[in-house]
Structure formats: structure tokens, C-alpha cells
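Sequence positions in the sequence shown follow numbering that gives the first Met the number 0 and run 0 to 322.
The C-beta atom is built at its ideal place from N, Cα and C for all residues, glycine as well.
Since we're looking at a predicted model, the values are computed, not measured.
Each remark here refers to the structure printed beneath this line.
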Amino acid sequence: MKRLDQILANGGVNAELELVIKDILVACKDINYKLRQGDLAGILGSTEDENIQGETQKMLDVISNDLLKDTLVTNPYVRGVGSEEEDYTIAANSDGKYLVTFDPLDGSSNIDVNLSVGTIFSILEAQNNQPGNNQEVFLQNGRKQVVAGYVLYGPSALLVLTTGSGVNLFTLDTNIGEFILTKQAIQIPVDTAEFAINMSNQRFWEPEMKQYIDDCLKGETGPLGKRYNMRWVASMVAEVHRILIRGGVFMYPYDNRDPSKAGKLRLMYEGNPMSMIVEQAGGASSTGRMDIMDVTPKGIHDRVPVILGSKNEVEKIVGYHKK
Ligand code: P6P
Numbered sequence: 000m001k002r003l004d005q006i007l008a009n010g011g012v013n014a015e016l017e018l019v020i021k022d023i024l025v026a027c028k029d030i031n032y033k034l035r036q037g038d039l040a041g042i043l044g045s046t047e048d049e050n051i052q053g054e055t056q057k058m059l060d061v062i063s064n065d066l067l068k069d070t071l072v073t074n075p076y077v078r079g080v081g082s083e084e085e086d087y088t089i090a091a092n093s094d095g096k097y098l099v100t101f102d103p104l105d106g107s108s109n110i111d112v113n114l115s116v117g118t119i120f121s122i123l124e125a126q127n128n129q130p131g132n133n134q135e136v137f138l139q140n141g142r143k144q145v146v147a148g149y150v151l152y153g154p155s156a157l158l159v160l161t162t163g164s165g166v167n168l169f170t171l172d173t174n175i176g177e178f179i180l181t182k183q184a185i186q187i188p189v190d191t192a193e194f195a196i197n198m199s200n201q202r203f204w205e206p207e208m209k210q211y212i213d214d215c216l217k218g219e220t221g222p223l224g225k226r227y228n229m230r231w232v233a234s235m236v237a238e239v240h241r242i243l244i245r246g247g248v249f250m251y252p253y254d255n256r257d258p259s260k261a262g263k264l265r266l267m268y269e270g271n272p273m274s275m276i277v278e279q280a281g282g283a284s285s286t287g288r289m290d291i292m293d294v295t296p297k298g299i300h301d302r303v304p305v306i307l308g309s310k311n312e313v314e315k316i317v318g319y320h321k322k
């Protein structure tokens, strides 16, 4: 059974980057411990505060964010961090090489009902000497990511990680506090008959998305010629993990509830890291009109429409947007 550090050493990850990844995972192990305490530690429920996204913060959103932030800002190789829960990017060390963006607890609306949540993270290299509290240094497209990963706090605590040469899955052995390699070089099935979308937003979608879902629902006698199944967990990490393991397509498309926003999900710490993971596992990831990782960010909290998963199905959906 190989431990994470053995895989990183073999994966050509330099010692500095390895330390950044390890610090992220130190915080994630602590988040995992606190999640499993739940009500016993009195840390479920919401705070009185709203984050910059306009979402009410759960207590565990704040706890998870602080654990990651406090660990990373003291790492000598980190220039700065950007978080879904922080208004602005935060400076760490002016001579640090790496920038870390994260959604500390994705899917946190599920916490109070004991469903899966996760931490999503992405690592970029600073391309100039700007300090980490200047968001400009973060604004690189997803192709520039050197690491992407998530920790899924489910029945098992799982780490999915890519450093640019495939996707590996690790399971947390809580007896020794180590992530153990349990699946190597994951490949997403290129075809699927399972889609994940929040159907209650249907009336707000663009016609192209409405048409694709309508055609899915027509089943075997419709233009797509097969019977589709549907899932919606309201936790992107759980949906992406299901897709990595058995295929599928996840969509949070543009909708016109707030025309000023390109979508609900955020580019820098949801769209980009999940797109790197999915593409590294042989899947595809698109806004519907271009690859997500080719989108040029203008701000750390930019939104993006997300269509990702089984390659052939994503290409089909992109085809609807090109008609
Ligand atoms: P809705 C969680 O808040 C999240 O950012 C993703 O993890 C998830 O896929 C989506 O939003 C759920 O959104 O509108 O269905 O609650």
C-alpha cells in the first residue's frame, strides 16, 4: 500500500510543492475530524454572517476556511491564498512561489442533514513578483494549474489528486492519519446515460440547455436514443467523484436568475480544479461554448457555467450550443 508522499516523490513533484500539498491535507484531516464530531462539538448550523458570494456562512465553512488559511499563510513556499469564503486574496510570503485557491467546504448546505461535503483546491505558480494580496497574480487560466484536488468527506474520507500526469485516489486511514493510494490512473467512461443538474432551474436556462435535457427525457425513442438516469446531490465534489468512478455529466449551466453572473459556480476554486481533474481522467469540461480551462479570469470570484464529465456526452452538449 503506497502512501501519498511516495506517490508524490515518484510523480516528479518538487519538495516545495510537496510541502504545500501536505499543508493543505493537514488542514483537510482536521476538517474531516471536526465534521465527524458534528453536533457533539456544537459546530453545525449557520453563523449570522454572509460571505462575498451572498451565501449565509455555516460554522463549519468558517472553521474549515480558517484551518486552511492559517496553515497555508505560514508556509514559506506560498505567496498567497484565495478562498470562496474570503472577500480578497490574502498575502502569505512575498518570496513564495505558489498560489493556492480553495473552496474550503463545498456543498456545505448539506452539512446539517449529514450528506457529503468536500474541500476543493488548486495550486498555481506566481508568474511575477506581485504580493499575494493583489488578486492580479492569481488571474491565470486553468491550463496554468500545477495541482488540482479535492477531499470528499463521505463514508470514507477520500483524496483525489492530479499533478498533471493522471488522477490518483487515496483513502484516509484514520488509524495512522495517512492517505493511502487506493486507485491509480482513474479514467472516466467516455459515454454515459446519467446526468446531474438542478431541474428546478429549468425555466431560467438558455434554450440550448433546455433542448438537451428535453431530449434526454425523451429516452429511447428520442433523438439521443437512450434512457437517461438523473442524480443531484447539491455537492459538486460528490457529483464529480461519482462521475470519476462510473461516468456521467454534471451541469450547472448559465441561468438568467442573475444575468450579471455567468453562472452559480466559481471559476478559480470550483470550475478550474474540477476541470483539470476531469480532463486528466480522460473527460471533458466546457462552459458550453469553450473549455473552462481556457477562460481568462478577471476576478478571483468570477462565476462560470459548468458542463463536465464523460467526454462524448460533453461534446454532444457542446454540439447543442453550436447549433
Ligand atoms: P443548488 C454547493 O453550494 C454548490 O456550490 C455546489 O457544490 C453544488 O453543485 C451547487 O452549489 C448546488 O447548487 O442551486 O442546487 O443548491
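Counting the other Cβ atoms within 10 Å of the Cβ of Ile23 gives 16 or more, which makes it buried.
Between the region 82–99 and the region 4–20, the count of C-beta pairs closer than 8 Å reaches three or more; the two stretches touch.
Scanning Ile299, Gly153, Glu47, Gly246 for the CA closest to the CA of Asp190 turns up Gly246. In the three-state DSSP reduction, Tyr251 falls in the strand class (E or B). Three or more Cβ pairs closer than 8 Å define a contact, and the region 227–242 meets that threshold against the region 185–204. When the Cα atoms are used, Gln183 and Arg2 turn out to be separated by approximately 12 Å.
For Asn109, the CB contacts under 7 Å within the same chain, skipping 5 residues up- and downstream, are Ser115, Val116, Ala233, Ser234 in chain order. For Trp204, the pairing in a beta bridge is given by DSSP as Asp254. Within the same chain, no residue comes within 6 Å of Glu85 by CB-CB distance, once the 5 residues on both sides are set aside.
Taking a cut-off of 8 Å for Cβ pairs, the region 196–209 and the region 63–80 do not touch, as fewer than three such pairs fall below it. In this structure, the beta-carbon distance from Ser63 to Gln56 does not fall below 8 Å. Not one heavy atom of ligand 1 sits closer than 7 Å to the Cβ of Asp214. With contacts defined by Cβ atoms closer than 8 Å, Ile276 and Val159 form a contacting pair.
Per DSSP, reduced to three states, the secondary structure at Asp48 is strand.
When the Cα atoms are used, Gly221 and Lys21 turn out to be separated by approximately 49 Å. Set against 7 Å, the gap from the CB of Ser285 to the closest heavy atom of ligand 1 is not smaller. Here Thr162 has Gly10, Val12, Val146 as same chain residues with Cβ atoms under 6 Å from its own Cβ, once five neighbours each way along the sequence are excluded. Its chain contains Arg78, Gly79, Ala90, Ser93, Val136 as the residues whose beta carbon lies nearer than 8 Å to that of Pro130, once the 5 sequence neighbours on both sides are disregarded; these appear in chain order. Beyond the five residues adjoining it in sequence on each side, Gln186 comes within less than 8 Å, by CB distance, of Ala280, Gly281 in the same chain, given in chain order.
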